[in-house]
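Trainee:
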Amino acid sequence: MMMVWNIRSHKDRGVIHSWIRPKSIIYKCTLALQGHWKMFKRPTILSRLVLNTLNRCQKIPANQSCIATPTTPLQRSTDFTISIRGIRRMASFSNTNTGNKSADPYYNKNIDTNASLKEKVEGVTKFASSCKFGMMTTRDVNSGKLISRCMAIAGKEGGDIDLAFTTNTESHKTDELKADKHTNISFYDSSGQWASFAGEVSIETDRSAVKKYYSPTLKAWLGDLGDGVHDGSENDPRIGILKVKTNSVTYAINDKTVVGRVAEVAKGTLTGDAASVNKLREISEKEVQQWRSNAS
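If you count the sequence shown from 1, position 124 lands on 1329 in this note's numbering, and the numbers rise without skipping.
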């Protein structure tokens, strides 16, 4: 994201806080100093000024680092690119204090902030399709325990960001989803790539929806009860569709060879540097809504 902040005087520094997104990891902006070059003798002074302003606004933790570099040669340059690299906020549970260093260097090393929304959505939908089978997590009505089941993707909706699965409506998972519609669908492959979809499920029993996603192989799972009704066909009332309306997605894919990933891990083991082995991507709820809206 590129933002333009106009700083006209010391008093105007406070305008910065209105542009900050608290949950973002990396902020990029261009500061137009408008002739006040003498106020900032070196980029580091500018860094300190911006960081102090942000900290006073309490929009990012004080332990985040701020680096300022001129976008043009230093001779009376007035444009700077400020990258504020975030250290993720401390969770409510913490077992230690790492000071001004990230307690999760793997995340900072692998998070991919350069991918467009299109790239992120296409990347995760392609990966999910290649896996075909995902684990659907529901909550048991009586015990409250989480239960996961292997499910085959029957189709996608909402620009491929929403998932659809066929189900036996008389199974326990429909009881669980009726009581609590929240679910997580996870995918994993042998190379260590993975994806996690958080969403809400609706149970569809309309025959048009069933026919859209029906596969003859379902008969092998439901069987033919011999009563002329419950025969495993597309008209079998036991067959329903679970539509997962995605809220957010987190996933990790890699474009390195096995040798390359092993080398990264070996280097990290020897040097203590976090290994760069994945492209870790996050699709927020707002981005999901934006994608779905554009696809409709």
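For glycine and all other residues, C-beta sits at the position ideal for the given N, C-alpha and C.
Report yes if the C-beta of TYR1456 is less than 7 Å from at least one heavy atom of the ligand FAD; otherwise report no.
Mentor: Ligands displayed in this structure: none; no statement on the ligand FAD is therefore possible.
Trainee: Under 8 Å by Cβ, that's how I've got ARG1488 and VAL1434 pegged, so tell me the actual separation to the nearest angstrom.
Mentor: Reading the sequence shown from its first residue, position 283 is the one you call residue 1488. Reading the sequence shown from its first residue, position 229 is the one you call residue 1434. A quick correction: the sequence has Ile, not Arg, at residue 1488. The Cβ separation is near 42 Å, so there is no contact.
Trainee: So LYS1314 and ALA1479 are supposed to be a Cβ contact under 8 Å. How far apart are they, rounded?
Mentor: Walking along the sequence shown from the start, residue 1314 turns up at place 109. Walking along the sequence shown from the start, residue 1479 turns up at place 274. So it is a contact: roughly 4 Å between Cβ atoms.
Trainee: On the DSSP bridge assignment, give the partners of ILE1390 in chain order.
Mentor: The residue given as residue 1390 occupies position 185 in the sequence shown. DSSP, once it has assigned bridges, lists MET1341, PHE1402 as partnering ILE1390.
Trainee: Any idea what DSSP makes of GLY1477, helix, strand or coil?
Mentor: Counted from its first residue, the sequence shown places residue 1477 at position 272. Looking at GLY1477 - three-state DSSP - the assignment turns out to be coil, as it is neither helix nor strand.
Trainee: Could you check whether THR1410 and VAL1449 sit closer than 8 Å to each other, using their CB atoms as the reference points?
Mentor: As a working note, residue 1449 is residue 244 in the sequence shown. As a working note, residue 1410 is residue 205 in the sequence shown. Contact flag unset, no.
Trainee: Would you say the stretch 1303–1319 touches the stretch 1467–1484, given that touching needs at least three Cβ pairs under 8 Å?
Mentor: Taking 8 Å as the limit for Cβ pairs, the verdict is that the stretch 1467–1484 does touch the stretch 1303–1319.
Trainee: If we count the other Cβ atoms within 10 Å of its Cβ and call it buried at 16 or more, is SER1401 buried or exposed?
Mentor: As a first step, residue 1401 must be located in the sequence shown, where it is residue number 196. So SER1401 counts as buried.
Trainee: Is it true that the CB of VAL1346 sits closer than 8 Å to the CB of ASP1380?
Mentor: Mapped onto the sequence shown, residue 1380 falls at position 175. Mapped onto the sequence shown, residue 1346 falls at position 141. The answer is yes: Cβ separation under 8 Å.
Trainee: Where GLY1335 and SER1396 are concerned, what is the direct C-alpha to C-alpha distance, given to the nearest angstrom?
Mentor: The sequence position of residue 1335 within the sequence shown is 130, counting from 1. The sequence position of residue 1396 within the sequence shown is 191, counting from 1. In the sequence on display, residue 1335 carries Ser and not Gly. Going from the Cα of SER1335 to the Cα of SER1396 covers about 13 Å.
Trainee: Compute the distance between the beta-carbons of LYS1386 and ILE1358, then report whether it is under 8 Å.
Mentor: Translated into the one-based positions of the sequence shown, residue 1386 becomes position 181. Translated into the one-based positions of the sequence shown, residue 1358 becomes position 153. Cβ distance not < 8 Å, so LYS1386 and ILE1358 don't count as in contact.
Trainee: Can you name, in chain order, every residue of its own chain whose Cβ lies under 8 Å from the Cβ of ARG1344, other than the five neighbours on each side?
Mentor: Reading the sequence shown from its first residue, position 139 is the one you call residue 1344. Excluding sequence neighbours, ARG1344 sits near LYS1350, LEU1351, ILE1352, GLU1381, ALA1384, ASP1385, HIS1387.
Trainee: Closer than 8 Å by C-beta to ASN1483: which residues in its own chain qualify, once you throw out the five before and the five after it? Chain order, please.
Mentor: Residue 1483 sits at position 278 when you count from the first residue of the sequence shown. ASN1315, GLY1397, GLN1398, ALA1457, ILE1458, ASN1459.
Trainee: Within 10 angstroms of its Cβ, does ASP1394 collect 16 or more other Cβ (buried), or is it exposed?
Mentor: In the sequence shown, counting from the first residue as 1, residue 1394 sits at position 189. Result: exposed.
Trainee: In terms of alpha-carbon separation, which member of TRP1426, ASN1440, PHE1332 lies closest to LYS1417?
Mentor: Here the question's residue 1417 lines up with position 212 in the sequence shown. Ranking TRP1426, ASN1440, PHE1332 by Cα distance to LYS1417 puts ASN1440 first.
Trainee: With a CB to CB cut of under 6 Å and the five nearest residues on each side skipped, what residues in its chain are close to SER1430?
Mentor: Looking up residue 1430 in the sequence shown gives position 225. The question names Ser, but residue 1430 in the sequence shown is Leu. The answer is none, since no qualifying residue turns up.
Trainee: What did DSSP end up calling ASN1302 once you bin it into helix, strand or coil?
Mentor: Your numbering for residue 1302 matches position 97 in the sequence shown. Looking at ASN1302 - three-state DSSP - the assignment turns out to be coil, as it is neither helix nor strand.
Trainee: What do you get for GLY1363, buried or exposed, if any count of 16 or more other CB atoms within 10 angstroms of its CB means buried?
Mentor: By 1-based counting over the sequence shown, the position of residue 1363 is 158. The residue is buried, with at least 16 neighbouring Cβ atoms inside 10 Å.
Trainee: In three-state terms, what does DSSP make of LEU1430?
Mentor: The sequence position of residue 1430 within the sequence shown is 225, counting from 1. Coil, per DSSP.
Trainee: On the premise that LEU1423 lies in contact with GLY1437, defined as a C-beta separation below 8 Å, what is that separation, rounded to the nearest angstrom?
Mentor: Against the sequence shown, residue 1437 aligns to sequence position 232. Against the sequence shown, residue 1423 aligns to sequence position 218. Going by Cβ atoms, the distance from GLY1437 to LEU1423 rounds to 6 Å, so yes, they are a contact pair.
Trainee: Do you know whose CA, among GLY1339, VAL1493, ASP1365, lies nearest ASN1452's CA?
Mentor: Within the sequence shown, residue 1452 is the residue found at index 247, counting from 1. Closest option to ASN1452, Cα to Cα, is VAL1493.
Trainee: Along the beta strand (DSSP E) that carries ASN1452, what are the first and last residues, could you check?
Mentor: By one-based count along the sequence shown, residue 1452 stands at place 247. Unbroken beta strand (DSSP E) run through ASN1452: 1444–1458.
Trainee: Which residues in the same chain as GLU1469 place their Cβ atom closer than 8 Å to its Cβ, once the five residues preceding and following it in sequence are excluded?
Mentor: Here residue 1469 refers to the residue found at position 264 when the sequence shown is read from its first residue. These residues qualify, in order along the chain: LYS1461, ALA1480, SER1481, VAL1482.
Trainee: If you draw a straight line from the alpha carbon of ALA1403 to that of ARG1497, how long is it in whole angstroms?
Mentor: Translated into the one-based positions of the sequence shown, residue 1403 becomes position 198. Translated into the one-based positions of the sequence shown, residue 1497 becomes position 292. Taking the straight line from one Cα to the other gives about 15 Å.
Trainee: Applying the 10 Å Cβ sphere with the 16-neighbour rule, what's the burial state of VAL1467?
Mentor: Within the sequence shown, the letter at position 262 stands for residue 1467. Exposed, since its Cβ has fewer than 16 Cβ neighbours within 10 Å.
Trainee: Classify GLY1437 as helix, strand or coil using the three-state DSSP reduction.
Mentor: Taking the first residue of the sequence shown as 1, we reach residue 1437 at position 232. In this structure, GLY1437 counts as coil in the three-state DSSP scheme.
Trainee: Would you call THR1303 buried or exposed, if buried means 16 or more other Cβ atoms sit within 10 Å of its Cβ?
Mentor: Against the sequence shown, residue 1303 aligns to sequence position 98. By the neighbour-count rule (16 or more Cβ atoms within 10 Å), THR1303 is not buried but exposed.
Trainee: For ASN1499, tell me which candidate among SER1420, GLU1405, ASP1365, CYS1355 has the shortest Cα-Cα distance.
Mentor: Residue 1499 sits at position 294 when you count from the first residue of the sequence shown. Answer by Cα proximity: ASP1365.
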